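Below is one structure, written out as structure tokens, with a few remarks after it.
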Amino acid sequence: MNPVATPFFFYFLAITAIVSAIAVITRRNPVHAALSLIVTLLSLAGFYLMLYAPFVAAVQIVLYAGGIMVLFLFVIMLVNLEQNIREYQFNKQWIVATIAALALGGLLAFVYRTGRGVFPSAFYQSYRGLEGDNTQQIGIWLYGNYMLPFEIASLLLLVAIVGAVVMAKKRI
Amino acid sequence: MIEYIKGYLSSGTTPGEAGNLFWATVYILLVIAGVSVAVLCMNWLERKILAHMQIRLGPMRVGPHGLLQPFADALKLLIKEDIIPHDADKLVFWSAPVVVTMTAFTTFLVVPFGRTHAVTDMNIGVLFMLGVSSLGVLGIIMAGWSSNSHYPLMGSLRSSAQMVSYEIAMGLAIVSAVLMTSLQTGTGTLSMIGIVESQASQHTWFIFKFFPLGFLAFAVFAIAMVAETNRAPFDLPEAESELVAGFHTEYSGFRWSLFFLAEYSAMLAVSSIAVTLWLGGWMRPFPNLLGGPTWDMAFSFLPALTFFVLAAGCFLGTIRMPKIPQFRIQTIGLGTFGALLGFVGLVLLVPAVSVRIQDIYWFVVKVAFFMYLYIWYRGTFPRYRFDQLMKVGWKVLLPTGLGVLIATALWGLMPQLSAALTGVLQ
Chain S
2 MNPVATPFFF YFLAITAIVS AIAVITRRNP VHAALSLIVT LLSLAGFYLM LYAPFVAAVQ
62 IVLYAGGIMV LFLFVIMLVN LEQNIREYQF NKQWIVATIA ALALGGLLAF VYRTGRGVFP
122 SAFYQSYRGL EGDNTQQIGI WLYGNYMLPF EIASLLLLVA IVGAVVMAKK RI
Chain C
177 MIEYIKGYLS SGTTPGEAGN LFWATVYILL VIAGVSVAVL CMNWLERKIL AHMQIRLGPM
237 RVGPHGLLQP FADALKLLIK EDIIPHDADK LVFWSAPVVV TMTAFTTFLV VPFGRTHAVT
297 DMNIGVLFML GVSSLGVLGI IMAGWSSNSH YPLMGSLRSS AQMVSYEIAM GLAIVSAVLM
357 TSLQTGTGTL SMIGIVESQA SQHTWFIFKF FPLGFLAFAV FAIAMVAETN RAPFDLPEAE
417 SELVAGFHTE YSGFRWSLFF LAEYSAMLAV SSIAVTLWLG GWMRPFPNLL GGPTWDMAFS
477 FLPALTFFVL AAGCFLGTIR MPKIPQFRIQ TIGLGTFGAL LGFVGLVLLV PAVSVRIQDI
537 YWFVVKVAFF MYLYIWYRGT FPRYRFDQLM KVGWKVLLPT GLGVLIATAL WGLMPQLSAA
597 LTGVLQ
């Protein structure tokens, strides 16, 4: 099946992602910022779909938009918002932040310029066949070649969970 | 154009796979209409069945036996005043019901009502449904927060805590069903149609597979799905004795009815996940025990029979109607409705129709069973306290789900394991 209106969806998702990402840092109300972040994450999920990676897109929705952001909102709603909105929003790190952002942007531009050959036009022609069994391929690679890194990552998460429990409980 | 439309009919796949935009649109419209009608029916049935469980009559005034009550309610909700609280966060308040309804309807994209009767088949079907329905909780949180009022906020806090904790048990139960799909072919699948087809090729519904493991996974899912949809006995987010109406306290009129619609279509969606994963989706019951063309024939009459029974019920009501002029319109209306149902039954007897409608019929019957369970729970179980809710989720369902998952994996590997063991022993 041929993709439908690819340029339209690309620009639509790109504009949504950028506008909502800007809203994340400019909104004074933290709940609005969190909701904009959800929109950004969802449009990123759309990009993964366009790159023929449905599993990554679904995981992006389940974990980030559905799981982590719900917890985020959960915490934000318990914070005293009125005080937050009145407070001065930016701390004194904007010089460092600008340099970091410029460096990241420069890196992206560099990668885009030098690695043009491997980007979409060449990329998705060869990966087309894998769309049908994307999930299976990821499973085989994760539990085959990348078994050790995968287990280490899960161990890291386990340590984080235990740490959170230890810090939250007064007496264990 | 006509070639394009006709071309799909012989393809034997879903419109999404065939890439046919026209039929995809038709299917989407049909699914939306079907779900809305199902919600209307559920509204009436729930009130009627609950009433009879509590030895009451339920709605009786609008139409014969209150049959027109859902329409009257819908009309009332449409013309009610639409109030947005003064201190509410307008944009979020406005978009919350939209988010809830959109996510609830989007999940139906991948629900397989039959081999060809789904909008599309995705490689990530189950994950897609889980992900999109987990976005629904965002709408509930938005509604609760933006109302800028205490009860809704409490309701949405409870809702998010509940959903996050029950989603894990739900996911584990689903993974153990997905593991079962890999038994014959070696690679499992997340596609809804693929899951039903693997049940067909293994000649068993997954609820009976590896007894009692399949059943345990199903039970975990069946409990978690009630909690996921905020229904009794897990309806803490809208506990009316504690929180007025929970997260939608400040909503009125049409916006409120969107929440209602979304809640019921979310119930339909999770029930159809359960039906697809464990109850064989669109397959008819007893394909092994009562197999063969004769039984196929017998089972193909059941859809028509259902409608004839419903029609007979209507005619019985028509006869029992009081014979006074005030009831004449009701009597005529009920008779016409019965005749309509009978006509639908007759249409379903046509072989060409009954072959195509069978899948949908069995799927809908199984989902209807779950919807009845929902009503039954609501009529019989007292509401959980919040700590009990958390205890059930984290200390009962989660360990059970994990245990079932590990046991399923081991049982599935049994041939390889025993071969390895005998190899070592010799």
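Protein chains in written order, with this note's numbering: chain S, 2 to 173; chain C, 177 to 602.
We put the CB at the ideal spot given by N, CA and C, even for glycine.
The structure displayed is predicted, hence computed values, not measured ones.
Three-state secondary structure (DSSP) at A123/S?
Locating residue 123/S in the first sequence gives position 122, counting from the first residue. Caution is warranted here: a pLDDT of 49 is assigned to A123/S, below 50, making its placement in the model unreliable, and the coordinate value is therefore given only provisionally. It is helical.
Please report the distance separating the alpha-carbon of I39/S from that of S323/C.
Taking the first sequence and counting its residues from 1, the one referred to as residue 39/S is at position 38. Taking the second sequence and counting its residues from 1, the one referred to as residue 323/C is at position 147. Roughly 20 Å separates the two Cα atoms.
Within-8 Å CB hit, Q94/S to chain C
Position 93 of the first sequence, counting from 1, holds the residue named residue 94/S. Closer than 8 Å: no.
Taking all protein chains shown into account, do 16 or more other C-beta atoms lie within 10 angstroms of the C-beta of T365/C, making it buried, or fewer, making it exposed?
For the purposes of this step, residue 365/C is taken as residue 189 along the second sequence, with counting starting at 1. Answer is buried; the Cβ neighbour count reaches 16.
Of the choices F384/C, K224/C and W432/C, whose alpha-carbon is the least far from that of L316/C?
On the second sequence, residue 316/C is found 140 positions in, with the first residue counted as 1. The amino acid at residue 316/C is misidentified as Leu; the sequence shows Ile. The candidate whose alpha carbon is nearest that of I316/C is W432/C.
Going by alpha carbons, who is nearest to T507/C out of L522/C, C490/C, T201/C and L355/C?
The residue you call residue 507/C lines up with position 331 of the second sequence. Considering only alpha carbons, the answer is C490/C.
Taking C-beta pairs closer than 9 Å, name the residues in chain S that S448/C reaches, listed in chain order.
By one-based count along the second sequence, residue 448/C stands at place 272. Neighbours of S448/C on chain S: none; closest Cβ ~18 Å, over 9 Å.
Straight-line CA distance for E373/C to P469/C?
Here the question's residue 373/C lines up with position 197 in the second sequence. Here the question's residue 469/C lines up with position 293 in the second sequence. Across the structure, E373/C and P469/C are spaced so that their CA atoms are roughly 20 Å apart.
Whole angstroms are fine: how far does the CA of G370/C sit from the CA of T292/C?
The count along the second sequence starts at 1 and reaches residue 292/C at position 116. The count along the second sequence starts at 1 and reaches residue 370/C at position 194. Distance between the alpha carbons of T292/C and G370/C: 12 Å.
Closer than 6 Å by C-beta to N196/C: which residues in its own chain qualify, once you throw out the five before and the five after it? Chain order, please.
Here residue 196/C refers to the residue found at position 20 when the second sequence is read from its first residue. The residues are Y184.
Since S594/C meets chain S, which of its residues come closer than 9 Å, beta carbon to beta carbon?
Here residue 594/C corresponds to residue number 418 of the second sequence, with the count starting at 1. Proximity of chain S to S594/C at the Cβ level (cut-off 9 Å) is not reached, the minimal Cβ distance being about 22 Å.
Entirely within the region 349-435 of chain C and at least 4 residues each: give me those alpha helix (DSSP H) ranges in chain order.
For the region 349-435 of chain C, whole alpha helix (DSSP H) runs of length 4 or above, ordered along the chain, are 368-377, 389-404 and 416-419.
Grab me the residues of L522/C's own chain with a C-beta within less than 8 Å of its C-beta, minus the 5 sequence neighbours each way, in chain order.
Sequence index remark: in the second sequence, residue 522/C carries index 346 (1-based). Around L522/C: A480.
What's the C-alpha gap between A194/C and T296/C?
On the second sequence, position 18 is the one that residue 194/C refers to. On the second sequence, position 120 is the one that residue 296/C refers to. Their backbone Cα atoms lie some 9 Å apart in a straight line.
Going straight from the alpha carbon of L444/C to that of L549/C, what length do you get?
As a working mapping, residue 444/C is identified with position 268 in the second sequence. As a working mapping, residue 549/C is identified with position 373 in the second sequence. Here the C-alpha atom of L444/C lies approximately 12 Å from the C-alpha atom of L549/C.
Can you list, in chain order, the stretches of the alpha helix (DSSP H) that have 4 or more residues and sit fully within the region 535-595 of chain C?
Whole alpha helix (DSSP H) segments, 4+ residues: 562-567 and 574-588.
Counting only Cβ-Cβ distances shorter than 9 Å, please list the residues of the region 32-44 of chain S near chain C, keeping chain order.
Correct list: V32, H33, L36, I39 and L43.
Please decide whether G47/S counts as near chain C, where near means a Cβ-Cβ distance under 8 Å.
Here residue 47/S refers to the residue found at position 46 of the first sequence. Not one chain C Cβ lies under 8 Å of G47/S.
Uninterrupted alpha helix (DSSP H) stretches inside the region 432-514 of chain C (no shorter than 4 residues):
You should have 469-476 and 478-496.
Between G307/C and chain S, is the shortest Cβ-Cβ distance under 8 Å, so that the two count as touching?
Residue 307/C sits at position 131 when you count from the first residue of the second sequence. Chain S has a Cβ within less than 8 Å of the Cβ of G307/C.
In whole angstroms, what is the alpha-carbon distance linking E418/C and S428/C?
Within the second sequence, numbered from 1, the residue matching residue 418/C stands at position 242. Within the second sequence, numbered from 1, the residue matching residue 428/C stands at position 252. CA-CA distance, E418/C to S428/C, rounds to 19 Å.
Once DSSP output is grouped into helix, strand and coil, what is the label at G301/C?
Counting from one through the second sequence, the residue named residue 301/C turns up at place 125. In the structure shown, G301/C falls within a helical segment according to DSSP collapsed to helix, strand and coil.
R232/C: first and last residue of the uninterrupted alpha helix (DSSP H) it sits in
Counting from 1 along the second sequence, the entry for residue 232/C is found at position 56. In the DSSP annotation of this structure, R232/C is not part of any alpha helix (DSSP H), being labelled neither H nor E.
Range of the contiguous alpha helix (DSSP H) that encloses A161/S:
Numbered from its first residue, the first sequence carries residue 161/S at position 160. M148 to A169 is the span of the alpha helix (DSSP H), which, as asked, contains A161/S.
Considering K252/C, what are the terminal residues of the alpha helix (DSSP H) in which it resides?
Walking along the second sequence from the start, residue 252/C turns up at place 76. K252/C -> alpha helix (DSSP H) spans Q245 to I255.
Report the option in Q502/C, A488/C and P288/C whose CA atom is closest to the CA atom of G518/C.
Here the question's residue 518/C lines up with position 342 in the second sequence. When only C-alpha atoms are compared, the closest one is A488/C.
Straight-line gap, I344/C to C217/C (C-alpha atoms, nearest Å):
To locate residue 344/C, count along the second sequence from 1; it is residue 168. To locate residue 217/C, count along the second sequence from 1; it is residue 41. Between I344/C and C217/C, the C-alpha separation is close to 31 Å.
Which of the three DSSP states, helix, strand or coil, is assigned to G192/C?
Stepping through the second sequence from its first residue, residue 192/C is reached at position 16. Here G192/C sits in helix by DSSP.
So with CB distances below 7 Å, who are the chain C contacts of T136/S?
Indexing the first sequence from 1 puts residue 136/S at position 135. Neighbourhood of T136/S in chain C, by CB distance below 7 Å: N299, I300 and L366, in chain order.
Buried or exposed by the 16-neighbour rule on C-beta atoms within 10 Å, applied to V167/S
As a first step, residue 167/S must be located in the first sequence, where it is residue number 166. Exposure of V167/S is indicated by the presence of fewer than 16 other C-beta atoms within 10 angstroms of its C-beta.
With a threshold of 8 Å between beta-carbons, can L156/S be considered close to chain C, or not?
For this step, residue 156/S is matched to residue 155 along the first sequence. It does not; no Cβ of chain C falls within 8 Å.
Where do the N-terminal and C-terminal ends of the alpha helix (DSSP H) with K266/C fall, by residue?
Walking along the second sequence from the start, residue 266/C turns up at place 90. Per DSSP, K266/C belongs to the alpha helix (DSSP H) from K266 to T282.
Using DSSP with H/G/I as helix, E/B as strand and the rest coil, what is V76/S?
Residue mapping note: residue 76/S aligns to position 75 of the first sequence, counting from 1. For V76/S, the three-state secondary structure derived from DSSP is helix.
Which class does Q94/S belong to by DSSP, given the choice of helix, strand or coil?
Counted from its first residue, the first sequence places residue 94/S at position 93. Taken through DSSP and simplified to helix, strand or coil, Q94/S comes out as coil.
In or out: N219/C buried (at least 16 other Cβ within 10 Å) or exposed?
As a working note, residue 219/C is residue 43 in the second sequence. Buried, since its Cβ has 16 or more Cβ neighbours within 10 Å.
Along the region 143-171 of chain S, where does the CB come closer than 8 Å to a CB of chain C? Name the residues.
Residues passing the 8 Å Cβ filter: none.
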